[in-house]
Amino acid sequence: MIEKREFYIDGQWRAPAAPRDCEVIDPSTEEPCAVISLGAQADTDAAVAAALRVGPGWRATPPTKRRAVVERILEQYEARKEDLAQAISLEMGAPIDLARGSQAAALKGHTKGFLRAFEQIEWLRPLGDHAPDTMISLEPIGVVGLITPWNWPMNQVSLKVIPALLAGCTIVLKPSEEAPLSSIVFAEMLHDAGVPAGVFNLVNGDGVGVGTQLSTHEDVQMISFTGSTRAGRAISKAAAETLKRVTLELGGKGANVVFADAGEEAVVRGVQHCMQNTGQSCNAPTRMLVERGFYDDAVEIAARTAGEIGVGPAHQPGGHVGPLVNKTQWEKVQGLIETGIAEGARLVAGGPGLPEGVNRGFFVRPTVFADVSRDMTIAKEEIFGPVLSIMPFEDEAEAIEIANDTPYGLTNYVQSADPARRNRLALALHSGMVEMNGRSRGAGAPFGGVGQSGRAREGGIWGIEEFLEVKAISGWGLDAAE
Numbered sequence: 001m002i003e004k005r006e007f008y009i010d011g012q013w014r015a016p017a018a019p020r021d022c023e024v025i026d027p028s029t030e031e032p033c034a035v036i037s038l039g040a041q042a043d044t045d046a047a048v049a050a051a052l053r054v055g056p057g058w059r060a061t062p063p064t065k066r067r068a069v070v071e072r073i074l075e076q077y078e079a080r081k082e083d084l085a086q087a088i089s090l091e092m093g094a095p096i097d098l099a100r101g102s103q104a105a106a107l108k109g110h111t112k113g114f115l116r117a118f119e120q121i122e123w124l125r126p127l128g129d130h131a132p133d134t135m136i137s138l139e140p141i142g143v144v145g146l147i148t149p150w151n152w153p154m155n156q157v158s159l160k161v162i163p164a165l166l167a168g169c170t171i172v173l174k175p176s177e178e179a180p181l182s183s184i185v186f187a188e189m190l191h192d193a194g195v196p197a198g199v200f201n202l203v204n205g206d207g208v209g210v211g212t213q214l215s216t217h218e219d220v221q222m223i224s225f226t227g228s229t230r231a232g233r234a235i236s237k238a239a240a241e242t243l244k245r246v247t248l249e250l251g252g253k254g255a256n257v258v259f260a261d262a263g264e265e266a267v268v269r270g271v272q273h274c275m276q277n278t279g280q281s282c283n284a285p286t287r288m289l290v291e292r293g294f295y296d297d298a299v300e301i302a303a304r305t306a307g308e309i310g311v312g313p314a315h316q317p318g319g320h321v322g323p324l325v326n327k328t329q330w331e332k333v334q335g336l337i338e339t340g341i342a343e344g345a346r347l348v349a350g351g352p353g354l355p356e357g358v359n360r361g362f363f364v365r366p367t368v369f370a371d372v373s374r375d376m377t378i379a380k381e382e383i384f385g386p387v388l389s390i391m392p393f394e395d396e397a398e399a400i401e402i403a404n405d406t407p408y409g410l411t412n413y414v415q416s417a418d419p420a421r422r423n424r425l426a427l428a429l430h431s432g433m434v435e436m437n438g439r440s441r442g443a444g445a446p447f448g449g450v451g452q453s454g455r456a457r458e459g460g461i462w463g464i465e466e467f468l469e470v471k472a473i474s475g476w477g478l479d480a481a482e
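At position 285 of the sequence shown (counting the first as 1) the number is 285 in the UniProt record's numbering, and the numbers step up by one without a gap.
So, in structure tokens, the structure goes:
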């Protein structure tokens with residue numbers, strides 16, 4: 001049992017002001033694996049005060065020195081990457097190979113991307129030849145509250161903390177109480193990397209407590225949140241009174257448009273992508289739209305592919321999927337699977353209940369529904385589990401119409417051998433990202449959506465700019481007499 005009843009504030013680990021213990025559950029066993037404390041208002045205030053106090057000094061630190069600090073975090077990653085992977089696997093159930101290869105490794109990939117983008121930033125530049133005496137200055141926004149989720153914990157922590165540090169902001173991080181252990185390791189890494197005391201602070205807590213306290217705190221200038229659309233709305237309302245900047249990366253209901261010429265490989269890839277991380281990804285392609293002439297074959301391929309996906313505990317090596325994060329999420333997914341059956345979708349793989357041979361843990365059978373219509377609950381709601389909905393389309397126009405028939409707009413996908421058709425679809429789909437034929441976005445491309453998926457742009461230069469303010473200065477370089 002891991003016990004961490006302390007918060008990282010002003011460069012040291014401190015006991016909470018009013019200890020309130022919270023168990024962290026291993027979703028593979030349903031047993032407690034750690035005990036943490038949830039923060040009170042006094043803890044949040046102490047963390048914000050530390051960040052506020054050191055803000056001017058960190059703001060004035062030359063960009064090259066801020067970069068050097070972040071480069072030392074990369075060195076710490078190499079020393080602690082196994083600790084990060086083990087923590088992520090334990091706290092949220094990511095299979096250990098996924099935790100090592102994707103979950104923990106996201107810190108390295110994103111940090112390298114931010115360092116590359118950092119070189120492109122012009123901190124002080126002329127407005128243009130037409131206004132030689134007007135300068136544009138990019139400056140840190142100030143104290144930022146970062147609220148991160150449990151499904152890709154280190155991915156989201158690195159997408160927020162690293163650019164905030166590079167921008168010159170000071171930070172209070174509240175990780176998810178469901179998956180706090182990796183963030184505790186991360187705080188230890190930042191301490192050992194020599195991040196100045198007070199620049200980075202960590203307070204564990206829940207959304208109602210520390211999350212709300214950060215969102216309403218008058219000394220916090222910005223909230224960056226990743227999580228559910230429901231929680232994003234609540235944070236926006238809470239932050240409105242103090243006129244904070246709020247950036248939100250929320251849910252999704254991605255469409256994967258598969259044309260007949262894409263072939264079997266596209267269907268297999270789409271099913272595997274949907275099931276990755278046990279379906280607990282906001283950008284999962286959970287709606288597979290298939291061209292009518294290929295539809296029956298695609299359903300058969302998808303059912304077979306899902307049936308071949310293994311399910312097992314997080315500590316077990318291999319390419320299987322693990323459990324959902326907790327009982328609440330398990331019950332929600334089970335309820336939506338039952339709803340899909342009740343509303344008339346054709347179940348072709350998986351279904352309700354635990355996988356065969358499993359008697360504990362929050363495991364779900366990889367599930368595929370065919371003949372799903374747009375009005376069905378499983379076609380509209382974000383399930384956040386290993387559940388795929390397949391529906392046919394007749395032509396490009398209908399594919400676009402179905403894909404865009406959602407309030408979400410995070411990631412859509414296109415599969416076709418025809419480059420011109422792919423490009424037409426990419427421009428017509430209403431989302432912040434479009435990925436085609438299995439090609440991932442290039443390093444440094446922004447991650448974010450539109451509509452109820454929020455409007456954050458994380459990663460690369462856009463991710464750093466979210467933490468910067470723009471100042472216009474006129475009369476630059478002119479003598480007082482002029």
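Think of the CB as a built atom: it goes at the ideal place given N, C-alpha and C, for glycine as much as any other residue.
Exercise. Which one of Asn256, Glu23, Glu265 and Thr216 has the shortest CA to CA distance from Glu241?
Worked result: Among Asn256, Glu23, Glu265 and Thr216, the Cα nearest to that of Glu241 belongs to Thr216.
Exercise. Between Gly310 and Ile301, what straight-line distance do the alpha-carbon atoms span, to the nearest angstrom?
Worked result: So the alpha carbons of these two residues sit roughly 16 angstroms apart.
Exercise. Once you ignore the five residues that flank Ser435 on each side, which residues in its own chain have a CB closer than 7 angstroms to its CB?
Worked result: For the record, residue 435 in the displayed sequence is Glu; it is not Ser. The residues are Thr411, Tyr413 and Arg441.
Exercise. For Lys253, is the classification buried or exposed, using 16 other Cβ atoms within 10 angstroms of its Cβ as the cut-off for buried?
Worked result: Buried, by the Cβ-count rule.
Exercise. Grouping DSSP H, G and I as helix and E and B as strand, with all else coil, what is Lys244?
Worked result: Lys244: coil per DSSP, three-state reduction.
Exercise. So what's Ser224 in DSSP terms, helix, strand or just coil?
Worked result: Ser224 falls in the strand class under three-state DSSP.
Problem set entry | Cβ separation of Gly351 and Thr367, assumed to be a contact under 8 angstroms, to the nearest whole Å | Yes, they are in contact, since the Cβ atoms of Gly351 and Thr367 sit about 6 angstroms apart, within 8 angstroms.
For this session: Pick out whichever of Tyr295, Leu324, His315 and Cys169 has its Cα sitting closest to the Cα of Asn277.
Result: Here the closest residue by C-alpha is Leu324.
Problem set entry | Cut-off 6 angstroms between Cβ atoms - residues of its own chain near Ser89, not counting five sequence neighbours on either side | Within the same chain, Ser89 has close Cβ partners Ile96, Ala99 and Ala314.
For this session: Please go through the same chain and pick out, in chain order, the residues whose beta-carbon is closer than 7 angstroms to the beta-carbon of Thr229, but skip the five residues on each side of it.
Result: For Thr229, where only same-chain residues beyond five positions count, the Cβ hits under 7 angstroms are Leu250, Gly251 and Gln452.
Problem set entry | Nearest neighbour of Gly318, chosen from Ala94, Gly39, Ala50 and Val364 [CA to CA] | The candidate whose alpha carbon is nearest that of Gly318 is Ala94.
Exercise. When you compare only the Cα positions, how much space is there between Asp261 and Asp418?
Worked result: In this structure, the CA atom of Asp261 is about 8 angstroms from the CA atom of Asp418.
Exercise. Near Phe384, what residues of its chain come up, given a Cβ to Cβ distance below 6 angstroms and the 5 sequence neighbours on each side ignored?
Worked result: If the five residues before and after Phe384 are omitted, its C-beta is found closer than 6 angstroms to the C-beta atoms of Gln280, all from its own chain and listed in chain order.
Exercise. For the segment 397-460, which segments carrying the alpha helix (DSSP H) assignment without a break, of at least 4 residues, lie completely within its bounds, in sequence order?
Worked result: Counting whole runs of 4 or more residues, the segment 397-460 contains the alpha helix (DSSP H) stretches 419-428.
Exercise. Out of curiosity, what's the CA-to-CA distance linking Leu146 and Ser158?
Worked result: Distance between the alpha carbons of Leu146 and Ser158: 11 angstroms.
For this session: Could you tell me which residues DSSP pairs with Gln12 in its beta bridges?
Result: In the DSSP output, where bridge partners are listed per residue, Gln12 has Ile9.
Problem set entry | Inter-stretch contact (C-beta, 8 angstroms, three-pair minimum) for the segment 138-157 and the segment 21-33 | In short, these stretches do not touch, since the Cβ pair count stays below three.
Problem set entry | Beta-ladder partner(s) of Thr111, from DSSP | Assignment of beta-bridge partners to Thr111 by DSSP yields no partner.
For this session: Could you pull out every unbroken beta strand (DSSP E) segment of at least 3 residues lying fully inside the segment 336-410, listed in chain order?
Result: With a minimum length of 3 residues, the unbroken runs of beta strand (DSSP E) contained wholly in the segment 336-410 fall at 346-351, 365-370 and 387-393.
Exercise. Below 7 angstroms between beta carbons: does that hold for Val268 and Leu289?
Worked result: Inclusion of Val268 and Leu289 in the CB contact set at 7 angstroms is not warranted, their separation being larger than that value.
Exercise. Val220 and Lys244 look like a contact to me (Cβ under 8 angstroms); what is the Cβ gap, rounded to whole Å?
Worked result: Distance from Val220 to Lys244 at the Cβ level is roughly 6 angstroms; contact confirmed, criterion being Cβ atoms closer than 8 angstroms.
Exercise. Where does Cys22 sit, in a helix, a strand or coil, going by DSSP?
Worked result: If DSSP states are grouped into helix, strand and coil, Cys22 belongs with the strands.
Exercise. Short check: CB of Val199 to CB of Val210, under 7 angstroms?
Worked result: In this structure, Val210 does not lie closer than 7 angstroms to Val199 by Cβ.
Exercise. Where DSSP assigns a beta bridge to Thr170, which residues make up the other side?
Worked result: Residue pairing by DSSP places Thr170 opposite Val143 in a beta bridge.
Problem set entry | Inter-residue Cα distance where the pair is Gln86 and Asp297 | Separation of Gln86 and Asp297 (C-alpha to C-alpha, rounded to the nearest whole angstrom) is 40 angstroms.
Exercise. If you count every other CB in all the chains shown that lies within 10 Å of the CB of Thr327, and 16 or more means buried, which is it?
Worked result: One point to set straight first is that residue 327 is Lys, not Thr, in the sequence displayed. Lys327 is exposed by the Cβ-count criterion.
For this session: Can you grab the Cα-Cα spacing for the pair Ala131 / Cys169, in whole Å?
Result: Each residue's alpha carbon lies about 30 angstroms from the other.
Exercise. Any idea if Gln329 is buried or exposed, counting beta-carbon neighbours within 10 angstroms, 16 or more meaning buried?
Worked result: It is buried - the Cβ of Gln329 has at least 16 other Cβ atoms within 10 Å.
Problem set entry | Environment of Gln76 [buried if 16+ CB atoms lie within 10 Å] | Counting every other CB atom within 10 Å of its CB across the protein chains shown gives Gln76 a total of 16 or more, marking it as buried.
Exercise. What is the rounded straight-line gap between the Cα of Ser474 and the Cα of Pro196?
Worked result: Whole-angstrom Cα-Cα distance: 34 angstroms.
Problem set entry | Spatial distance of Leu124 from Ala472 (CA atoms) | The alpha-carbon separation between Leu124 and Ala472 amounts to approximately 10 angstroms.
For this session: With DSSP collapsed to three states, give me the class of Glu3.
Result: Strand, per DSSP.
Problem set entry | Thr247 versus Ala34 - alpha carbon distance | Approximately 31 angstroms, taken between the alpha carbons.
Problem set entry | Spatially closest choice to Trp58 from Leu165, Glu396 and Ile341, by CA coordinates | It is Leu165 whose Cα lies nearest to the Cα of Trp58.
Exercise. Nearest to Ala46 by alpha carbon, out of Tyr8, Gly263, Glu82 and Ser37?
Worked result: Closest by C-alpha distance to Ala46, out of Tyr8, Gly263, Glu82 and Ser37, is Tyr8.
Exercise. Any idea what DSSP makes of Ser137, helix, strand or coil?
Worked result: In this structure, Ser137 counts as strand in the three-state DSSP scheme.
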